[in-house]
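>
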Amino acid sequence: MWTTTLALPVGQHQYAFVVDGERWVADPAAPAIDDGFGRRNSMVAVSIRGAHTL
Amino acid sequence: MRAFLALGFALSTALRLVAQDVGGRLDERVPPEVRRAVQDIAADAAAHGLPTEPLVQKAIEGGAKRVPAERLIAAVRALAGRLAGAWDAVRAGGLESPTADVVEGGADGLSAGLTAGYVSELVRASRAPYDPALVLRVAATLAALGVPPKQTVQLVEGLIKDGGSPSDLLGLPGEVQAGVANGATPAQAAEHVGQGRGNAPPGRPPDFVPPGQSKPHKRPANPHKP
Numbered sequence: 001m002w003t004t005t006l007a008l009p010v011g012q013h014q015y016a017f018v019v020d021g022e023r024w025v026a027d028p029a030a031p032a033i034d035d036g037f038g039r040r041n042s043m044v045a046v047s048i049r050g051a052h053t054l
Numbered sequence: 001m002r003a004f005l006a007l008g009f010a011l012s013t014a015l016r017l018v019a020q021d022v023g024g025r026l027d028e029r030v031p032p033e034v035r036r037a038v039q040d041i042a043a044d045a046a047a048h049g050l051p052t053e054p055l056v057q058k059a060i061e062g063g064a065k066r067v068p069a070e071r072l073i074a075a076v077r078a079l080a081g082r083l084a085g086a087w088d089a090v091r092a093g094g095l096e097s098p099t100a101d102v103v104e105g106g107a108d109g110l111s112a113g114l115t116a117g118y119v120s121e122l123v124r125a126s127r128a129p130y131d132p133a134l135v136l137r138v139a140a141t142l143a144a145l146g147v148p149p150k151q152t153v154q155l156v157e158g159l160i161k162d163g164g165s166p167s168d169l170l171g172l173p174g175e176v177q178a179g180v181a182n183g184a185t186p187a188q189a190a191e192h193v194g195q196g197r198g199n200a201p202p203g204r205p206p207d208f209v210p211p212g213q214s215k216p217h218k219r220p221a222n223p224h225k226p
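Here the protein sequences come in this chain order: A and B. Going by the numbering used here, the first residue of the first sequence is number 1, and it counts up by one from there. Going by the numbering used here, the first residue of the second sequence is number 1, and it counts up by one from there.
Here it is as structure tokens:
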């Protein structure tokens, strides 16, 4: 399993995983929103108490 | 007349700078035709006082995802339209000169299915210490989770009325998501979260006390609430 740690400012952020350098995949464990291109981006909220994986 | 000419020159110079900046940032990240189109869209957005950063970010995202040029340009144009709609809705909510963050939050809300009227309502409900940009982004996330728009607005407004902290506000989507993970629908989870926060059931006054129960102690007033 791959992991990464990112420092993000407080607020809402959109993200997606890039598989094999070419396939963009939304996080199945997070809410998702239309990315405008017909795909989905995942959303994460960062508060002063830490990240909510939503 | 001279003043108008000077103003016009300053405006056209500013718009040219926006286009140059956007073009420089998109260089080698998107095809040339996309770069030119996004430069035009961004310059037009800037001329109307709209933030251009989300347009640049969307173009970069599309480039990274190798989205076909035509579709990428359409997505950036659609985003510009949502930003314009959000700008109007936020101003209708009482913010005469909204920041870029608030307009972006409003656009997120529209993208997630909130109406312009709900965006205005949420802006009206946001007062210190609640940042309207944060309120709108939280509402957008709740709507993206599948909470019906009307219920999303009620849940957020309920927390504000109840004096919850901005951090509590930011935690709302996580609470709803936890309920969904336990098998509830988004609407059921949101209702449960709202009730847990002391929101009155629909149709009953905030100080409603069921027969046979004593009135609960009042929570101390929020010192940050005006």
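Cβ coordinates follow ideal geometry from the N, Cα and C atoms, glycine included.
Classify Leu20(B): buried if its beta carbon has 16 or more other beta carbons within 10 angstroms, exposed otherwise.
Correcting the residue type first, residue 20(B) is Gln in the shown sequence and not Leu. That one is exposed.
> Under a Cβ-count criterion, where at least 16 other Cβ atoms within 10 Å of its own Cβ denotes burial, should Phe17(A) be classed as buried or exposed?
Exposed.
> From the DSSP output, in three-state form, read off Arg23(A) for me.
Three-state result, Arg23(A): strand.
> Can you tell me whether Leu17(B) is buried or exposed? The criterion is at least 16 other CB atoms within 10 Å of its CB, across all chains shown.
That one is exposed.
> Taking C-beta to C-beta, are Thr25(B) and Val67(B) nearer than 7 Å?
The sequence given here has Arg at residue 25(B), not Thr. Result no, Cβ atoms of Arg25(B) and Val67(B) do not sit closer than 7 Å.
> Take the Cβ of Gly203(B) as the centre, count every other Cβ of all protein chains shown within 10 Å, and call the residue buried at 16 or more, exposed below.
With a pLDDT of only 37 at Gly203(B), under 50, the local geometry of the prediction cannot be trusted, and no value is derived from it.
> Name the chain B residues whose beta carbon is nearer than 8 Å to that of Ala7(A)?
Within 8 Å Cβ-Cβ: nothing; Ala7(A) doesn't reach chain B, min ~17 Å.
> Helix, strand or coil: how does DSSP classify Ala45(A) here?
Ala45(A) falls in the strand class under three-state DSSP.
> Measure the C-alpha to C-alpha separation of Ala29(A) and Gly183(B) and round it to an integer number of angstroms.
Going by the C-alpha atoms only, they are around 14 Å apart.
> Relative to the C-alpha of Ile73(B), which residue among Ala59(B), Ala86(B) and Arg82(B) is closest?
Ranking Ala59(B), Ala86(B) and Arg82(B) by Cα distance to Ile73(B) puts Ala59(B) first.
> With 7 Å as the limit, tell me which residues of the region 76-96 of chain B have their beta carbon closer than that to any beta carbon of chain A; keep them in chain order.
Within the region 76-96 of chain B, the residues whose Cβ lies closer than 7 Å to some Cβ of chain A are Ala78 and Leu79, listed in chain order.
> Short of 6 Å in beta carbon distance, which residues of its chain neighbour Asp35(A), apart from the five on each side in sequence? Order them along the chain.
Result list for Asp35(A): Asn41, in chain order.
> Roughly how many angstroms lie between the CA atoms of Pro9(A) and Ala45(A), to the nearest whole one?
Rounded to the nearest angstrom, the two C-alpha atoms are 10 Å apart.
> Name the chain A residues that come within less than 8 Å of Val67(B), Cβ to Cβ?
Correct list: Phe37.
> Leaving out the 5 sequence neighbours to the left and right, which residues in its chain are closer than 7 Å to Ala187(B) when beta-carbon positions are compared?
Same-chain partners within the cutoff: Val147, Pro148 and Gln151.
> Please list the residues of the region 94-116 of chain B that have a C-beta atom closer than 9 Å to any C-beta atom in chain A, keeping them in chain order.
Correct list: Asp101, Gly105, Asp108, Ser111 and Ala112.
> Counting only C-beta atoms, is Gly24(B) closer than 7 Å to chain A at any point?
By this cut-off, Gly24(B) is not an interface position.
> Return helix, strand or coil for Val18(A), following the three-state DSSP convention.
Here Val18(A) sits in strand by DSSP.
> Going by beta carbon distance, what residues of the same chain come within less than 8 Å of Val135(B), once the five residues before and after it are set aside?
The residues are Gly105, Leu122, Val123, Ala125, Ser126, Val156, Ile160 and Leu169.
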